[in-house]
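Below: one structure, written as structure tokens.
Right under this line is the structure:
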């Protein structure tokens, strides 16, 4: 039986880590290289880095930070932000990334997923799904939550899988940063339609929120930021807690 992964998420802006609420009102949370060193010492399963301004500023992910981070980490790194070409994917993978996260580009040009999967393997291609519930309908957004799309979540999931995506990374804009729990209905919606692993993000504030998501949704991995940024929680404590609830996680 596969172990459930716990994945800290680091948002990058101007060379620093930030965290917001519902993709806005960001505040500084520290140095990404130092944070990576700490997470490495805590033996996390994986790290996700998202350069949240790269797409809107029409530039690539900050390669120098990713390169510095990769020297501190010995776990898989998934990197996103400004990924618009196979060449861009190659630069990230060459500089320490193990996977690339494509969100805006997957909506604008789904064929990029296929090109990346053919070139590097599906296991390297993570499709981000930034989602908000509007009038009872799940709506997709790009450009770090700034631009709304008309394509349905159902259809986008199907297209991305057909193109060769290796994983989905769901981020609930409604729950992001509020620390009141994951959007369990959204997670189930995606998991029921996905034939590939699903990572869920947005809303974790207590370890019981992790238990609820793992036991009720069928999700493959849980990502989180605020729960580790604000307070004394850490991945080691999280794994001990989850293990006590019978959840199959990496040994501490």
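In full-length UniProt numbering, the protein residues as written are 1 to 252. Heads up, the beta-carbon is just placed ideally off N, CA and C, and yes, glycines get one too.
CA nearest to the CA of residue 29, picked from 14, 235, 208: Locating residue 29 in the chain shown gives position 29, where the first residue counts as 1. Among 14, 235, 208, the Cα nearest to that of residue 29 belongs to 14.
At least three beta-carbon pairs within less than 8 Å, the segment 61-69 to the segment 151-161: no
DSSP beta-bridge partners of residue 73: Within the chain shown, numbered from 1, the residue matching residue 73 stands at position 73. In the DSSP output, where bridge partners are listed per residue, residue 73 has none listed.
Nearest to residue 204 (by Cα), restricted to the options 42, 8, 114: Against the chain shown, residue 204 aligns to sequence position 204. Minimum Cα distance to residue 204 is reached at 8.
Three-state secondary structure assigned by DSSP to residue 183: If you number the chain shown from 1, residue 183 lands on position 183. Residue 183 falls in the coil class under three-state DSSP.
Cutoff 8 Å; reference residue 67; Cβ partners in own chain excluding five residues on either side: Locating residue 67 in the chain shown gives position 67, counting from the first residue. Taken in chain order, the residues that qualify are 95, 96.
Beta carbon of residue 11 nearer than 8 Å to that of residue 50: Position 11 of the chain shown, counting from 1, holds the residue named residue 11. Position 50 of the chain shown, counting from 1, holds the residue named residue 50. Yes, these two residues count as a Cβ contact at 8 Å.
DSSP beta-bridge partners of residue 245: Here residue 245 corresponds to residue number 245 of the chain shown, with the count starting at 1. None; residue 245 has no bridge partner.
Three-state class that DSSP yields for residue 176 in the structure shown: As a working mapping, residue 176 is identified with position 176 in the chain shown. It is coil, neither helix nor strand.
Straight-line gap, residue 91 to residue 117 (C-alpha atoms, nearest Å): On the chain shown, residue 91 is found 91 positions in, with the first residue counted as 1. On the chain shown, residue 117 is found 117 positions in, with the first residue counted as 1. Near 15 Å, if we compare the C-alpha coordinates of residue 117 and residue 91.
Pair within 8 Å by beta-carbon distance, residue 169 and residue 219: The residue labelled residue 169 in the question sits at position 169 within the chain shown. The residue labelled residue 219 in the question sits at position 219 within the chain shown. Cβ distance not < 8 Å, so residue 169 and residue 219 don't count as in contact.
Element boundaries [alpha helix (DSSP H), containing residue 160]: Within the chain shown, the letter at position 160 stands for residue 160. 153-163 is the extent of the alpha helix (DSSP H) around residue 160.
Buried or exposed (CB count within 10 angstroms, at least 16 for buried), residue 228: For the purposes of this step, residue 228 is identified with residue 228 of the chain shown, where counting begins at 1. Residue 228 should be labelled buried.
Residue 42 (DSSP reduced to helix, strand or coil): If you number the chain shown from 1, residue 42 lands on position 42. Residue 42 falls in the coil class under three-state DSSP.
8 Å contact criterion, which residue 141 and residue 130 should meet: CB distance rounded: Start at 1 with the first residue of the chain shown, and residue 141 comes out as number 141. Start at 1 with the first residue of the chain shown, and residue 130 comes out as number 130. Confirmed, about 5 Å.
DSSP state of residue 55 mapped onto helix, strand, coil: For the purposes of this step, residue 55 is taken as residue 55 along the chain shown, with counting starting at 1. Residue 55 falls in the coil class under three-state DSSP.
DSSP-derived helix/strand/coil call for residue 168: Here the question's residue 168 lines up with position 168 in the chain shown. Three-state DSSP puts residue 168 in a strand.
Exposure of residue 87, with buried meaning 16 or more beta-carbon neighbours within 10 Å: Along the chain shown, one-based indexing puts residue 87 at 87. Classification for residue 87: exposed.
Rounded C-alpha distance that separates residue 249 from residue 103: Here the question's residue 249 lines up with position 249 in the chain shown. Here the question's residue 103 lines up with position 103 in the chain shown. If I take the Cα positions, the gap works out to 28 Å.
Contact under 8 Å by Cβ, residue 44 with residue 197: Counting from 1 along the chain shown, the entry for residue 44 is found at position 44. Counting from 1 along the chain shown, the entry for residue 197 is found at position 197. No, Cβ-Cβ distance for residue 44 and residue 197 is not below 8 Å.
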